[in-house]
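Numbering (this note's numbering), first residue to last: 417 to 871.
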């Protein structure tokens with residue numbers, strides 16, 4: 417292995433630093449600026465000839481300088497939302513710098529501008545009243561559509577709705593898969609309400625919430641005197657209650673193994689026997705099943721019957737997790753805030769830009785259920801009508817994974833593209849009206865339409 421030539425390394429650094437697109441600042445222990453790149457000049461409109469050699473606190477309020485805080489605490493920060501000026505929003509990486517003998521010699525910071533992303537959110541908040549009016553008008557037109565309550569305009573959720581609507585018109589068995597909290601039961605109910613069975617019962621049963629010893633009688637019912645403690649006249653099971661309608665088997669992967677063959681027989685023959693009974697009961701039930709587990713892996717492990725899996729998996733409907741459709745988050749936020757403001761008789765809260773950015777960045781392992789619960793909590797606890805960073809649960813402010821520069825740029829462009837598509841849809845393709853709605857010039861809109869290939 418050849419020895420590293422330090423002069424070559426310096427040459428590489430000399431060429432690297434000027435082409436960095438983010439604002440790069442280097443200060444010494446006195447706070448004097450040693451390096452200030454072109455991006456920093458552009459961000460803050462301060463020429464390097466003016467700032468280099470001067471103390472950085474001469475140009476910014478000391479309390480607004482993250483790099484000074486890092487210099488003082490000697491603790492680096494990564495992917496932290498920061499506002500060095502009221503009109504500037506950045507994600508900052510900053511770290512103290514030590515010499516070869518371990519002496520602190522200064523600090524360095526790299527700041528990525530997210531002002532445009534924040535501006536898009538602010539525009540969304542400013543036009544929320546107008547959007548609410550439009551949504552109310554749309555609701556009047558589509559109030560008969562059971563799928564209208566499923567919010568979001570991302571491609572993934574629209575495709576899921578499109579497939580569910582197509583399936584609803586049939587009696588086909590549906591297997592809905594997806595992580596916990598993505599809305600599997602909401603989809604199941606919408607499919608039922610859009611079907612010919614809509615005037616008959618929709619009966620849900622959570623296969624993971626019922627003790628195995630009670631599951632058979634809960635699903636199939638029992639005859640009078642079938643066991644000690646049974647109701648004298650017997651009891652109908654969930655399958656009988658759903659006769660003519662739909663039985664929703666939630667968390668079907670937790671269905672006890674010995675009952676799987678009995679359920680399969682009911683699906684194939686259309687008849688059931690109550691516990692303790694000998695008389696067959698004919699039923700006509702549509703099955704919609706849901707799971708957040710990998711049933712094929714459970715089959716390999718011997719915990720789920722392969723024949724039942726194929727019987728349930730006639731139509732497979734996979735719902736995307738929230739992190740894969742983050743462009744829907746602003747709309748979901750507005751919907752839930754409006755819902756809980758009405759429920760608790762409070763004004764609709766206003767989210768600060770950094771709060772919305774935190775919601776966009778978070779991984780949301782609990783998906784729609786989790787974000788809904790968070791927004792209910794925020795609505796209940798806010799007194800001022802404004803939601804700030806200090807109002808968020810700790811896990812939203814401390815454990816959010818840092819955004820990479822590339823992913824942030826992609827997220828910003830994706831959000832911008834969706835906003836433009838939505839504006840064009842609302843204005844029926846009228847570009848002048850769409851540009852006005854977006855707050856940009858018509859020329860700028862044409863450039864963005866071309867950029868995102870929206871022709």
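C-beta: ideal position from N, C-alpha, C; glycine also. All values reported here derive from a predicted model rather than from experimental measurement.
With fewer than 16 other Cβ atoms from the protein chains shown falling within 10 Å of its own Cβ, residue 489 counts as exposed.
Per the coordinates, the alpha-carbon of residue 651 lies some 19 Å from the alpha-carbon of residue 623.
Unbroken alpha helix (DSSP H) stretches of 4 residues or longer found wholly inside the segment 440 to 506: 454 to 460, 464 to 467 and 482 to 489, given in chain order. With 16 or more other Cβ atoms inside 10 Å of its own Cβ, residue 500 counts as buried.
Comparing alpha carbon positions, the residue from 760, 721 and 454 closest to residue 798 is 760. Closest by C-alpha distance to residue 802, out of 767, 785, 781 and 726, is 767. In this structure, the beta-carbon distance from residue 530 to residue 775 does not fall below 8 Å. Contact annotation: residue 509 and residue 526 have beta-carbon atoms nearer than 8 Å.
With the rule of 3 Cβ pairs closer than 8 Å, the segment 561 to 578 does not count as touching the segment 677 to 684. Ranking 743, 705, 463 and 840 by CA distance to the CA of residue 663 puts 705 first. DSSP places residue 590 in the strand class (E or B) of the three-state scheme. Excluding sequence positions up to five before and after residue 732, its CB lies within less than 6 Å of the CB of 591, all in the same chain and listed in chain order. Per DSSP, residue 527 lies in no alpha helix (DSSP H) segment; the continuous beta strand (DSSP E) that holds it begins and ends at 520 to 529.
The beta carbons of residue 455 and residue 474 sit about 20 Å from each other, so the pair does not count as a contact at 8 Å.
The continuous stretches of alpha helix (DSSP H) do not include residue 762, and DSSP gives it neither H nor E. Segment contact: the segment 666 to 678 against the segment 631 to 640, three or more CB-CB distances shorter than 8 Å; contact assigned. Between residue 668 and residue 707, the C-beta spacing is below 8 Å.
Here residue 620 carries a strand assignment [DSSP, helix/strand/coil]. In the DSSP secondary-structure assignment, residue 708 is not bridged to any residue. In terms of Cβ geometry, residue 753 and residue 594 do not form a close pair [threshold 8 Å].
Non-local C-beta neighbours of residue 436 in its own chain, meaning closer than 7 Å and more than five positions away in sequence, comprise 453 and 455, ordered along the chain. If you ignore the 5 residues before and after residue 482, its C-beta comes within less than 6 Å of the C-beta of 498, 508 and 510, all in its own chain and listed in chain order. The Cβ-Cβ distance between residue 589 and residue 727 falls below 8 Å. Counted as a single uninterrupted DSSP element, the alpha helix (DSSP H) harbouring residue 769 occupies residues 769 to 777. Short of 8 Å from the beta carbon of residue 446, and not among the five residues preceding or following it, lie these beta carbons of its own chain, in chain order: 471. No Cβ-Cβ contact shorter than 8 Å links residue 444 with residue 598.
The three-state secondary structure of residue 668, taken from DSSP, is helix.
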